[in-house]
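Here the sequence shown is numbered in the working numbering, starting from 1 and rising by one per residue. Every residue, glycine too, gets a C-beta built ideally from N, C-alpha and C. If you're wondering where the values come from, they're calculated on a predicted model, not measured in any experiment. The structure appears right after this line, and notes come after that.
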Amino acid sequence: MPEGDVVWRTARQLHEALAGRVLTHSDFRVPRYATVSLAGRAVTESVSRGKHLLTRVDGDVTVHTHLKMEGSWRVGPVTRYPPRDHRVRVVLANDTWQAVGQQLGIVELIRTSRESQSVGHLGPDLLGPDWDADEAVRRLAASPDREVGEAIMDQRNLAGIGNLYKSETLFLRGVSPWRRTAEVDAMPELVEVARRMLEANKERVGQVTTGNPARGEQTWVYGRAGRPCRRCGTAIRRADQGPALEERVTFWCPRCQP
Ligand SMILES: [Zn+2]
């Protein structure tokens, strides 16, 4: 599932292809916007906010998208024929480049001046220019009884962490995902570890937290259920965590993360 680093990189690709150029074609394959055209308008910028993507267009219009579980934006040279894949939700093209959004979890056209109605609930963005660690820690502390594995994935506390960075951050800090946030002594350090990992991965394809990009070596615990912990050899465990119907998978070492 795409996490903050992937979304950050996607925003940059969209920005490089679209910003400062006039759209020559747009295609929204979402019933609500089927008749909307942004052709003739210039894209001013494309930015990420946590796991949300905001592509701003002249005239107070923002194309708000979210990759959710399976979504992606692919940028390539513009083609004469529209993509026929049934998974395509949005096409934005100029005379050079074409951006194709597939399987997007959110496609919404909003007023740029009112973006906060769609993303204003988000906590500080780990990769944002306005990252504020103190504010993230303050928000986490507001729910002292919540399990930390759940709390750090709540985008209202801090924005950008998904299953992988959650599991890896908690392992590196030796904190059990089931511990209450009030019992995590060094929350500022924990949040900083998450930020550093996202920062380290935002420029590259693939997510590496161990420093070793070789296949099967990229993570400490994520995706490694039943395999030996790289530090102590204990079998890594996997479980669902969170409220019913919103459970998210968590990996941890029961020995290193008591
Ligand atoms: Zn271990």
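Heavy atom of ligand 1 within 7 Å of residue i beta-carbon
i      : result
THR169 : no
ARG248 : no
ARG56  : no
ARG227 : no
THR234 : yes
ARG231 : yes
ARG224 : no
ARG41  : no
ARG238 : no
ARG9   : no
Best match in the options for proximity to residue i [C-alpha to C-alpha]
i      : options                          : result
GLY40  : HIS66, PRO83 and LEU92           : LEU92
GLY242 : PRO228, GLU70, ILE152 and PRO258 : ILE152
ALA42  : ARG32, THR55, LEU126 and ASP134  : THR55
HIS121 : GLN218, SER26 and GLY50          : GLY50
Residue i, DSSP secondary structure in three states
i      : result
GLN117 : helix
ALA214 : coil
GLN103 : coil
VAL22  : strand
VAL30  : coil
Separation of residue j from residue i, as counted between CA atoms
i      : j      : result
TRP8   : VAL47  : 7 Å
VAL191 : ARG80  : 46 Å
GLN257 : SER176 : 5 Å
ARG195 : THR96  : 35 Å
GLY89  : GLY101 : The question names Gly, but residue 89 is Arg in the sequence shown. One C-alpha to the other measures close to 6 Å.
ASN201 : VAL6   : 8 Å
ASP185 : ARG227 : 29 Å
GLY233 : CYS253 : 9 Å
ALA11  : PRO77  : 17 Å
ALA182 : GLU168 : 20 Å
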